[in-house]
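Here the structure comes first, spelled out in structure tokens, and everything after it is commentary.
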Amino acid sequence: MTQPLLEVQDLRTVFTTKDGIVKAVDGVSFELLPGETLGIVGESGCGKSVTALSIMRLQRPGKILGGKVMFKGQDLTRVSEYEMREVRGKEIAMIFQDPMTSLNPVFRVGWQVAEPNRIHQGWDAKKAMTSAVSMLQRVGIPSAASRARDYPHQFSGGMRQRAMIAMGLTTTPQVLIADEPTTALDVTIQAQILDLLRTVNKDFGTATILITHNLGVVAGMCERVIVMYAGKIVEAGPTKDVFANPKHPYTWSLLKSIPRLDEDRHEPLKPIEGLPPSLVDLPSGCAFHPRCSFKVERCSRDVPALLRVGETQLAACWVTQAGTELKGA
Amino acid sequence: MLAKYVARRFLASLVVVLGVTLITLVLMDRTRGTYVPGIDLNPALRPEDIARLRADLGLDRPFYIWYITWIWGVVHGDFGRSMIDGSTVMSHILDRLPNTLELTGTAILIGVLLAIPLGIVGALRRGSKADHTMTVVSVAGFAVPQFWMGLILILIFSVTLEQHGLPWLPSSGAFSAVNGGDIIDRIEHLVLPATVLSFFYISTWSRFIRSSMLEVLSQDYIRTARAKGMSDRRVVYLHGLRNALIPLITLVGLELPGLVSGGLVVEVVFGWPGIGKLAFERALQYDYTTVMGVTFFATLLVIAGNLIADLLYGVFDPRIRYA
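Same order as they appear, the protein sequences are chains A and B.
Sequential numbering from 804 applies to the first sequence in this note's numbering.
Sequential numbering from 0 applies to the second sequence in this note's numbering.
Written out as structure tokens, the structure reads:
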């Protein structure tokens, strides 16, 4: 088996609010293999973004309470701030959801794309700019040399996300974390950006963590997927297995709730009943049990562990771990 | 395009200059009563002398006639002579202006240089003891009247120190009348009034930088900057400050007219021979020409200050274009 590039073990990140302690990430473990694209899905507030930010140690004002992030033989939760800076933007790059607000409005795009190499490689302005321009060209910015002199507001949304990706890739990092990279873009642009991420993954061999709430994006992009709910991983496995045969009722309901084009138009939508739980005051036992249509008596009492269910998948569910198939309406 | 923009702004400002000077004249004219500037200088004046004086000064005619005559002179570069001492208004202004620029220029410079770092510290250590202390001091800075603070400083640093035989600071004037006028002497005179004036600027601007910085530091592009692996210092001082300073330009730009008039209270308290004190004294004496001349220049400076602030905005914020 290949050695994982990045290994997250039992990561716990909390936020202190006036209502209480929010366990945004509550014991998350997974690994990222070299060159793969790993999807993390879940609804808003399930902790997927905080997981990514915690890997980069950018979770402030949240606090990492425990766990390890093993990368190249060191635990990123323990290295000094200075060593962490050497990892950020150089070994692990991150791109964000909203390209409109993620670029600094007062600096030229080319300058911002060139900045990582100036910081990390100590390149002079000219050399860094040359490489920034060629990187902008590779991510599909037309007449990159002149567009590099533009300010972010002169770019369209899609072009800004391309510029963000170029900025992440100039240092040829080993890991790219893309936090909802297409959520703020319209559909045709989304497809272009996903295409670009796929190309980048192939050409540069960059392992990618793709965070999204869009199951369609995961299906098209990721070999493996992690499903998160209320700060925990509830299911993990190869994308095609998870989608074909979900082993956690939450995943099952998510997939059921997607409207299908080949269905009768008058068929009502099938949302997941109830609301996501408050992270301050989680339900006892399995956090999903109040919304779960398969729950048994044990679910409200004991927290299920993430265990192997079936050939390739992991699931944190008492029902499927006991061998029950998820079926029905 | 920029030249056109500036030209249009100047044309629009003509209306402002006319309005401000006209209102100033009406206010003086409506409150003057039968007083004629200069009559109290010579108690021996007879009624017919006063009538002649009034006619000489043009005060026997309606104010709008006086105004038109004055504007006519201004258009030809003639601001007239003072109604009190007969020397030209221009020579008064040129005489006083350097003193005012010295005082307010120093205060604004100190204000900017101290407000920026204090504001940044307040933002970075929000809620700390240092931040709370600065909040309290700043509120005092807006709230304490400048004349009161000036008098207290005089009491401490001029009167009390001298009484105890300690080195003390002069309380009045821009330089010593006897054996004075060298650079050390001028700086000694500058310390107290510049402190009072800059205290106000520091209070206002540091609060402003603090909130502007807090807002900027919560922006997505700051997170991006951190994710690129740069030092905190680079994040704050390059990516943050560059954005946080943009709104300060307006505030400082609006204080530029203060270069002429803003220090009025401070100038009066410290007997500083500047433009503000000149206007204040001459307004009490109904010296129309001098007051009108100072008003004219102060108005031009307000307009220029606004314009400069707007143009600097375009330099610092690439999103702004003039049309």
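All residues carry an ideal CB built from backbone N, CA and C; glycine is no exception.
With DSSP as the reference, identify every bridge partner of Phe818 (chain A), one or two as the case may be.
A:Val825
Check Asp878 (chain A) in the structure and name its three-state DSSP category.
strand
Residues in the same chain with beta-carbon distance under 6 Å from Cys1095 (chain A), minus the five sequence neighbours each way, listed in chain order, please.
Pro1052
Can you find the residues in the same chain that come closer than 6 Å, C-beta to C-beta, to Val1028 (chain A), ignoring five residues on each side of it along the sequence?
Gly842, Val1021, Thr1042 and Val1045
Which first and last residues belong to the beta strand (DSSP E) in which Met1031 (chain A) is found?
Judged by DSSP secondary structure, Met1031 (chain A) falls within the beta strand (DSSP E) whose first and last residues are Arg1027 to Tyr1032.
If the criterion is Cβ atoms closer than 7 Å, does the pair Leu814 (chain A) and Val825 (chain A) meet it?
no
Quickly, what does DSSP pair Leu979 (chain A) with across the bridge? List them, please.
A:Ala896 and A:Thr1011
Around the C-beta of Pro945 (chain A), are 16 or more other C-beta atoms found within 10 angstroms, so that it is buried, or is it exposed?
exposed
Chain A residues whose Cβ lies nearer than 8 Å to that of Met229 (chain B)
Arg888, Gly892, Glu918 and Ile922
Rounded to whole angstroms, what is the Cα-Cα separation between Thr68 (chain B) and Leu17 (chain B)?
13 Å
From the DSSP output, which residues share a beta bridge with Ile867 (chain A)?
A:Thr816
Residues in its own chain within less than 7 Å of Asp953 (chain A) by CB, not counting five upstream and five downstream?
Arg911 and Val912
Output needed in chain order: residues of the region 951-965 of chain A with a Cβ under 7 Å from some Cβ in chain B.
Of all residues in the region 951-965 of chain A, the ones placed with a Cβ closer than 7 Å to any Cβ belonging to chain B are Tyr954 and His956, in chain order.
Could you tell me if Ser86 (chain B) is buried or exposed, where buried requires 16 or more neighbouring beta carbons within 10 angstroms of its beta carbon?
Exposure of Ser86 (chain B) is indicated by the presence of fewer than 16 other C-beta atoms within 10 angstroms of its C-beta.
Quick one: using the 10 Å Cβ neighbour count with 16 as the cut-off for buried, is Gln924 (chain A) buried or exposed?
When all chains shown are included, Gln924 (chain A) counts as exposed.
Taking 7 Å as the threshold (C-beta atoms), are Pro192 (chain B) and Leu102 (chain B) in contact?
It is a contact, given that the beta carbons lie within the stated cut-off.
Put Glu1066 (chain A) into one of helix, strand or coil per three-state DSSP.
coil
Buried or exposed by the 16-neighbour rule on C-beta atoms within 10 Å, applied to Asp982 (chain A)
buried
Below 7 Å CB to CB, which residues in the same chain sit around Ser137 (chain B) once its five sequence neighbours on both sides are set aside?
Ser202, Ser205 and Arg206
CA-CA distance, Gln1050 (chain A) and Pro908 (chain A)?
Per the sequence shown, residue 1050 (chain A) should be read as Lys rather than Gln. Their Cα atoms are separated by approximately 45 Å.
Which residue's Cα is closest to the Cα of Pro984 (chain A): A:Pro976, A:Thr904, A:Ser949 and A:Cys1089?
A:Thr904
Beta-carbon spacing of Arg8 (chain B), Leu306 (chain B) below 7 Å:
Contact flag set, yes.
Pair within 7 Å by beta-carbon distance, Lys851 (chain A) and Ile1014 (chain A)
yes
What is the C-beta distance between Ile245 (chain B) and Val234 (chain B), in whole angstroms, given that I count them as a contact (C-beta under 8 Å)?
The Cβ separation is near 17 Å, so there is no contact.
Please identify the residue among B:Pro317, B:Thr288 and B:Thr294 whose C-alpha is closest to the C-alpha of Val88 (chain B).
B:Thr288
Limits of the unbroken beta strand (DSSP E) element including Ile1036 (chain A):
Lys1035 to Pro1041
Suppose contacts are defined by Cβ-Cβ distances below 7 Å. Is Gly172 (chain B) in contact with Gly275 (chain B) by that definition?
no
Hey, Pro864 (chain A) and Glu834 (chain A) are a contact pair by Cβ (cut 8 Å); roughly how many whole angstroms apart?
Not a contact, Cβ separation roughly 28 Å.
Going along the chain, which residues of its own chain have a beta-carbon closer than 8 Å to the beta-carbon of Phe141 (chain B), five neighbours each way excluded?
Excluding sequence neighbours, Phe141 (chain B) sits near Phe199, Ser202 and Thr203.
Just verifying my parser: in three-state terms, what is the DSSP assignment at Gly842 (chain A)?
For Gly842 (chain A), the three-state secondary structure derived from DSSP is strand.
By the 10 Å Cβ neighbour count, where 16 or more other Cβ atoms means buried, how is Gln162 (chain B) classified, buried or exposed?
exposed
For Thr1009 (chain A), does the count of other Cβ atoms within 10 angstroms reach 16, so buried, or fall short, so exposed?
buried
Beta carbon proximity, Tyr220 (chain B) to chain A, threshold 7 Å:
yes
To which residues of the same chain is Ala947 (chain A) closer than 6 Å at the C-beta, ignoring the five residues directly before and after it?
Val936, Leu939 and Gln940
Going by DSSP in three states, Gln915 (chain A) sits in which element: helix, strand or coil?
helix
Name the chain A residues whose beta carbon is nearer than 8 Å to that of Asn242 (chain B)?
Going along chain A in sequence order, the residues near Asn242 (chain B) (Cβ under 8 Å) are Asn907, Pro908 and Val909.
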